[in-house]
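With the sequence shown counted from 1, adding 74 to any position gets you this note's numbering. All C-beta atoms, glycine included, are put in the ideal place defined by N, C-alpha and C. Since the model is a prediction, treat every value here as computed from it, not as a measurement. To keep things clear, I will list the structure first and then write my remarks on it.
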Amino acid sequence: MASFEIVGNLKVKGETTAVSEKFSKREFVLITEMSSQYPQYISLQLTQEKCALLDNFQIGDEMKVSFNLRGREWNGPQGLRYFNSLEAWRLEKATAGATNGAPVSSAPIATPGVVSNAEIVDDLPF
């Protein structure tokens, strides 16, 4: 499975939610590309014992998040649907001197077989 990293500022820090007796999750949102006209709000989640990792961070903290891209299929009453999630597994304080007000990079770690954002030609009007 491909592993990615993203750096941003913590915008939203959710509470841990018990989905079932054996499964809990905690969602949070990072802001990236803050110096851009269109900052990006990236929603990620922590699961199980990883939920406590977010306790060490405050709103506005700059952090580096390592995460996996997860996808699943669900056959429900409306038919077959697909869902994606960004599942964080490591949270670190970003190094203080790394950005110095410069735009924050959200580029994933390059992995074989994965097309990077730089390789995609963006001709969409938004």
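Query raised in the report: Applying the criterion that 16 or more other CB atoms from any shown protein chain within 10 Å of the CB defines a buried residue, is GLY82 buried or exposed?
Result: For the purposes of this step, residue 82 is identified with residue 8 of the sequence shown, where counting begins at 1. So GLY82 ends up on the buried side.
Query raised in the report: Got a sec: is the Cβ-Cβ distance from ILE133 to anything in chain D below 8 angstroms?
Result: Any reference to chain D falls outside this structure, which holds one protein chain only.
Report task. Return the CA-CA distance between SER201 and GLY145, expressed in angstroms with no decimal places. Result -> The question about residue 201 has no answer, for the chain in this structure spans 75 to 200.
Report task. Please report the residue range of the beta strand (DSSP E) in which SER110 lies. Result -> The residue given as residue 110 occupies position 36 in the sequence shown. No beta strand (DSSP E) holds SER110; DSSP gives it neither H nor E.
Query - Counterpart residues of LYS138 in DSSP-defined beta bridges - result: As a working note, residue 138 is residue 64 in the sequence shown. Its beta-bridge partners are VAL81 and GLU166.
Query raised in the report: Going straight from the alpha carbon of ALA172 to that of LYS138, what length do you get?
Result: The count along the sequence shown starts at 1 and reaches residue 172 at position 98. The count along the sequence shown starts at 1 and reaches residue 138 at position 64. Any reading at ALA172 must be qualified, since the residue scores a pLDDT of 46, below 50, and its modelled position is unreliable; the value itself is stated next. For ALA172 and LYS138, the distance between alpha carbons rounds to 11 angstroms.
Query raised in the report: Do PHE131 and LEU160 have their C-beta atoms within less than 8 angstroms of each other?
Result: To locate residue 131, count along the sequence shown from 1; it is residue 57. To locate residue 160, count along the sequence shown from 1; it is residue 86. Taking 8 angstroms as the Cβ cut-off, PHE131 and LEU160 do not qualify as a contacting pair.
Requested in this report: Sort out for me which residues DSSP pairs THR91 with in a bridge.
Outcome: As a position in the sequence shown, residue 91 is number 17, starting the count at 1. THR91 pairs with LYS99.
Query raised in the report: To which residues does DSSP link LEU143 through a beta bridge?
Result: In the sequence shown, residue 143 corresponds to position 69, counting from 1. Partner(s): LEU160.
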